[in-house]
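Residue numbers (the working numbering), protein chains in the order written: chain A, 69 to 381; chain B, 47 to 346.
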Amino acid sequence: MANISTLNTTGAGFDAVAADVSGPRGRRPKRVLSRRNIILYGVLSIAALYYLLPLYVMVVTSLKGMPEIRMGNIFSPPMEITFEPWVKAWAEACTGLNCDGLSRGFWNSVQILVPSVVVSIFVASVSGYSLANWRFKGSELFFSILIIGAFIPYQVMIYPVVIALRELGVYGTLTGLVIVHTIFGMPILTLLFRNYFASLPVELFKAARIDGAGFWQIYLRIMLPMSLPIFVVAMILQVTGIWNDFLFGVVFTRPDTYPMTVQLNNIVNSVQGVKEYNVNMAATLLTGAIPLIVYFVSGRLFVRGIAAGAVKG
Amino acid sequence: MTGHAPAKRPNQLFRNLNSKIASIPMILIAMGIFLGGSLWTILYSFTNSKLLPRLSFVGLDQYERLWSTSRWIISIQNLAIYGILSLIFSLVIGFLLAALMDQKIRFENAFRTIFLYPFALSFIVTGLVWQWILNPEFGIQGIVRSLGFENFTFDPLYNPDIVIYGILIAGLWQGTGLVMCLMLAGLRGIDEDIWKAARVDGIPMWRTYLFIVIPMMRPVFITTLVIIASGIVKVYDLVVAQTSGGPGNASEVPAKYVYDYMFQAQNLGQGFAASTMMLLTVAIIIIPWAYLEFGGKKRG
Numbered sequence: 069m070a071n072i073s074t075l076n077t078t079g080a081g082f083d084a085v086a087a088d089v090s091g092p093r094g095r096r097p098k099r100v101l102s103r104r105n106i107i108l109y110g111v112l113s114i115a116a117l118y119y120l121l122p123l124y125v126m127v128v129t130s131l132k133g134m135p136e137i138r139m140g141n142i143f144s145p146p147m148e149i150t151f152e153p154w155v156k157a158w159a160e161a162c163t164g165l166n167c168d169g170l171s172r173g174f175w176n177s178v179q180i181l182v183p184s185v186v187v188s189i190f191v192a193s194v195s196g197y198s199l200a201n202w203r204f205k206g207s208e209l210f211f212s213i214l215i216i217g218a219f220i221p222y223q224v225m226i227y228p229v230v231i232a233l234r235e236l237g238v239y240g241t242l243t244g245l246v247i248v249h250t251i252f253g254m255p256i257l258t259l260l261f262r263n264y265f266a267s268l269p270v271e272l273f274k275a276a277r278i279d280g281a282g283f284w285q286i287y288l289r290i291m292l293p294m295s296l297p298i299f300v301v302a303m304i305l306q307v308t309g310i311w312n313d314f315l316f317g318v319v320f321t322r323p324d325t326y327p328m329t330v331q332l333n334n335i336v337n338s339v340q341g342v343k344e345y346n347v348n349m350a351a352t353l354l355t356g357a358i359p360l361i362v363y364f365v366s367g368r369l370f371v372r373g374i375a376a377g378a379v380k381g
Numbered sequence: 047m048t049g050h051a052p053a054k055r056p057n058q059l060f061r062n063l064n065s066k067i068a069s070i071p072m073i074l075i076a077m078g079i080f081l082g083g084s085l086w087t088i089l090y091s092f093t094n095s096k097l098l099p100r101l102s103f104v105g106l107d108q109y110e111r112l113w114s115t116s117r118w119i120i121s122i123q124n125l126a127i128y129g130i131l132s133l134i135f136s137l138v139i140g141f142l143l144a145a146l147m148d149q150k151i152r153f154e155n156a157f158r159t160i161f162l163y164p165f166a167l168s169f170i171v172t173g174l175v176w177q178w179i180l181n182p183e184f185g186i187q188g189i190v191r192s193l194g195f196e197n198f199t200f201d202p203l204y205n206p207d208i209v210i211y212g213i214l215i216a217g218l219w220q221g222t223g224l225v226m227c228l229m230l231a232g233l234r235g236i237d238e239d240i241w242k243a244a245r246v247d248g249i250p251m252w253r254t255y256l257f258i259v260i261p262m263m264r265p266v267f268i269t270t271l272v273i274i275a276s277g278i279v280k281v282y283d284l285v286v287a288q289t290s291g292g293p294g295n296a297s298e299v300p301a302k303y304v305y306d307y308m309f310q311a312q313n314l315g316q317g318f319a320a321s322t323m324m325l326l327t328v329a330i331i332i333i334p335w336a337y338l339e340f341g342g343k344k345r346g
């Protein structure tokens with residue numbers, strides 16, 4: 069009996085899957101409250117609760133005053149909502165001698181983010197374009213090394229990079245960090261662009277060449293306008309990746325140019341002073357806000373970005 | 047070129063010149079940093095560099111010291127526990143969630159958004175949130191105790207024996223969404239007819255998954271495995287944020303060992319030796335995979 073009923077429900081599922089491309093069509097499943105559905109949605113909802121819990125705790129804690137935190141439990145909603153922790157986290161929290169809050173780290177991160185994203189995407193897209201359309205002797209070998217390099221732990225290459233940047237005189241500067249992000253963003257981005265450009269119809273490229281267009285002309289006039297989605301995907305990858313970076317921030321910047329993640333860690337894990345959990349959580353939320361906004365706004369493109377980066381790797 | 051083609055062939059070096067110029071950054075990065083940098087680190091791991099890298103070779107001394115340092119042994123043990131459990135749990139949870147999501151459910155997008163959002167957050171944010179939730183005084187332990195279970199103990203971040211599991215909880219929260227997404231993509235790639243055939247033969251659903259679908263998804267599993275594994279070896283920020291390696295050095299990991307020796311303890315040789323061991327670990331994971339993945343294609 070049980071078998072037959074499962075078969076029926078999966079049958080309904082199949083029709084729906086077949087209609088996947090053009091949206092929901094066809095028969096509706098007969099029983100909404102079947103035992104299967106209850107288990108299915110029950111498990112998914114419990115899992116969803118588990119995933120949402122930390123976000124909820126962060127928000128709730130950041131809106132409470134310290135006395136309430138000491139008395140109550142972390143899951144209870146605030147009795148009195150206060151935005152003071154947010155103000156304090158943004159403008160007053162101390163790291164070392166500086167007491168101007170996370171805002172410093174935020175602007176440092178913005179300054180790091182913008183040029184790093186632009187430069188890394190430009191370099192990687194041009195490399196991907198070369199690899200896809202203008203292969204030369206050895207280009208595939210360089211590409212293979214690049215891809216293998218994606219798996220090498222950063223710790224292995226970080227000191228040689230420090231030396232190289234020191235030789236160039238940019239160690240500890242913004243330029244240095246932009247170079248670092250460009251270097252370590254290369255494998256995944258180049259792969260992304262190469263695969264995308266290779267999937268474009270080659271006739272376009274050939275036609276442009278017959279018309280006399282050169283390397284840069286084809287890149288700017290044909291490849292770039294046709295590949296906006298993949299540029300957006302690359303941007304999402306880089307914005308979240310660079311914003312969330314901690315290791316390079318610690319190694320390649322000085323305390324007054326620390327990015328937000330490093331400053332956040334210093335604020336929360338500082339040993340001196342009374343722990344202000346509400347300020348800590350407000351600071352944590354502030355740091356997580358940018359990638360979260362990018363994630364919620366970009367939706368499917370984010371998924372596509374990580375899938376493109378991951379599955380084809 | 048037109049009339050003289052047979053007499054003067056264009057120089058090979060200048061063919062695709064623009065492309066070569068445009069690829070200079072890539073070539074520099076691939077050869078200079080990824081290949082050159084790794085070889086440099088390996089070479090200097092055989093020296094007794096302290097504050098500055100110096101080429102005075104001491105053979106395998108650094109490695110002998112490394113493997114007789116208890117902190118390194120703890121790091122490796124932690125990495126092994128964290129790595130194995132993280133692989134198992136994220137594959138199992140990720141696959142189960144993906145299988146549930148693949149039942150043509152409503153609100154699929156909402157569920158996916160919820161499962162994946164932690165992946166957008168940094169390890170620092172993840173570590174700090176879970177540090178707060180696992181806080182013994184106010185977090186889960188405090189709440190259960192206030193409900194009347196006075197002897198309830200759940201303080202992974204303050205207990206050296208189980209601290210690595212506290213980190214594992216946070217790591218899984220952050221990473222399983224990605225695994226779910228990869229698995230879901232894999233499941234969607236399974237041919238409809240397979241399901242129909244299994245249905246006609248009257249095979250129950252769980253058996254279809256276990257004996258037909260999962261074996262068919264082998265490439266997805268292997269790729270996912272490689273992605274998670276290479277991420278595990280790099281784990282650093284999470285530990286720094288959640289425990290700073292403590293209590294004592296109970297939650298140290300290799301990546302942190304390397305950083306501390308290179309940039310804090312000014313003992314470069316140790317740092318290089320430890321990072322070379324990390325490279326070796328990755329190589330052990332990657333080489334068989336690369337062989338399976340790309341070796342076959344070349345032959346075929």
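Backbone N, C-alpha and C fix where the C-beta goes; we use that ideal spot for every residue, glycine too.
Around the C-beta of residue i, are 16 or more other C-beta atoms found within 10 angstroms, so that it is buried, or is it exposed?
i	result
B/N62	buried
A/E271	exposed
A/K274	exposed
A/S366	buried
A/V248	buried
A/I361	exposed
B/R158	buried
B/Y163	buried
B/D148	buried
B/L256	exposed
A/I72	Because the pLDDT of A/I72 is 42, which lies under 50, any placement of that residue in the model is unreliable, and the number read from its coordinates should be weighed accordingly. When all chains shown are included, A/I72 counts as exposed.
B/S276	buried
A/A70	Bear in mind that the predicted position of A/A70 carries a pLDDT of just 40, short of 50, making it too unreliable to give a figure here.
B/K344	Caution applies to B/K344, whose pLDDT of 47 falls short of 50 and renders its modelled position unreliable; the model cannot decide the point.
A/L236	exposed
B/D283	buried
B/D237	exposed
B/N155	exposed
A/L332	buried
B/T222	buried
B/G185	buried
A/F370	buried
Going by DSSP, what residue range makes up the alpha helix (DSSP H) through residue i?
i	result
A/G169	That residue, A/G169, is in no alpha helix (DSSP H); it is neither H nor E in DSSP.
A/G356	345 to 366
B/K242	238 to 246
B/L193	B/L193 -> no alpha helix (DSSP H), and no H or E assigned at all.
A/E148	Run containing A/E148: none; DSSP gives neither H nor E here.
A/V238	Note, A/V238: premise wrong, no alpha helix (DSSP H); not H, not E.
B/K302	300 to 305
B/N155	154 to 166
B/L106	Element bounds for B/L106: n/a, residue is neither H nor E.
Going along chain A in order, which residues have a C-beta closer than 8 Å to the C-beta of residue i?
i	result
B/N94	Within chain A, no residue comes near B/N94; the closest Cβ sits about 15 Å away, beyond 8 Å.
B/R61	F204
B/N64	W202, G282, F283, W284
Identify the contact partners of residue i in chain A, using a Cβ-Cβ distance below 7 Å as the criterion.
i	result
B/W86	P228
B/D283	F314, L315
List, in order along the chain, the chain A residues whose C-beta lies closer than 9 Å to that of residue i?
i	result
B/D201	Within chain A, no residue comes near B/D201; the closest Cβ sits about 14 Å away, beyond 9 Å.
B/F169	N312, F314, T329
Strictly below 9 Å CB to CB, what residues from chain B border residue i?
i	result
A/M291	The premise fails here: A/M291 is roughly 12 Å from chain B at the closest Cβ pair, so nothing lies under 9 Å.
Return the residue from the list the options that minimises the CA-CA distance to residue i.
i	options	result
A/N176	A/V330, A/G237, A/V342, A/V229	A/V330
A/M134	A/L214, A/D313, A/A350, A/R104	A/A350
A/I253	A/V230, A/S130, A/F190, A/V319	For clarity, residue 253 of chain A is Gly in the given sequence; the question names Ile instead. Ranking A/V230, A/S130, A/F190, A/V319 by Cα distance to A/G253 puts A/F190 first.
B/P332	B/P202, B/V272, B/A166	Looking at the sequence provided, one finds Ile at residue 332 of chain B rather than Pro. Of the listed residues, the one whose Cα sits closest to B/I332 is B/V272.
A/N201	A/N263, A/G110, A/F210	A/N263
A/R322	A/V224, A/S207, A/T241	A/T241
A/L259	A/V301, A/Y239, A/L123, A/I310	A/V301
B/D306	B/V104, B/L74, B/S121, B/N64	B/S121
B/I213	B/E298, B/F92, B/I67, B/I274	B/E298
A/Y197	B/N64, B/V285, B/S102, B/V246	B/N64
A/I149	A/K132, A/A161, A/M303, A/A157	A/K132
Which chain B residues sit within Cβ distance under 8 Å of residue i?
i	result
A/V125	V175, W178, I179
A/Y119	I160, F161, Y163, P164, W219, G223
Since residue i meets chain B, which of its residues come closer than 7 Å, beta carbon to beta carbon?
i	result
A/I254	Reading off the sequence shown, one finds Met at residue 254 of chain A, where the question assumed Ile. Here the neighbours are M72, I75.
A/W175	By Cβ distance, chain B contributes nothing, its closest Cβ being about 18 Å from A/W175, past 7 Å.
*May I ask you to list, following chain order, the residues of the segment 349 to 361 of chain A that have a beta carbon less than 7 Å from some beta carbon of chain B?*
Taking 7 Å as the Cβ-Cβ cut-off against chain B, the residues of the segment 349 to 361 of chain A that qualify are M349, T352, T355, G356, P359, L360.
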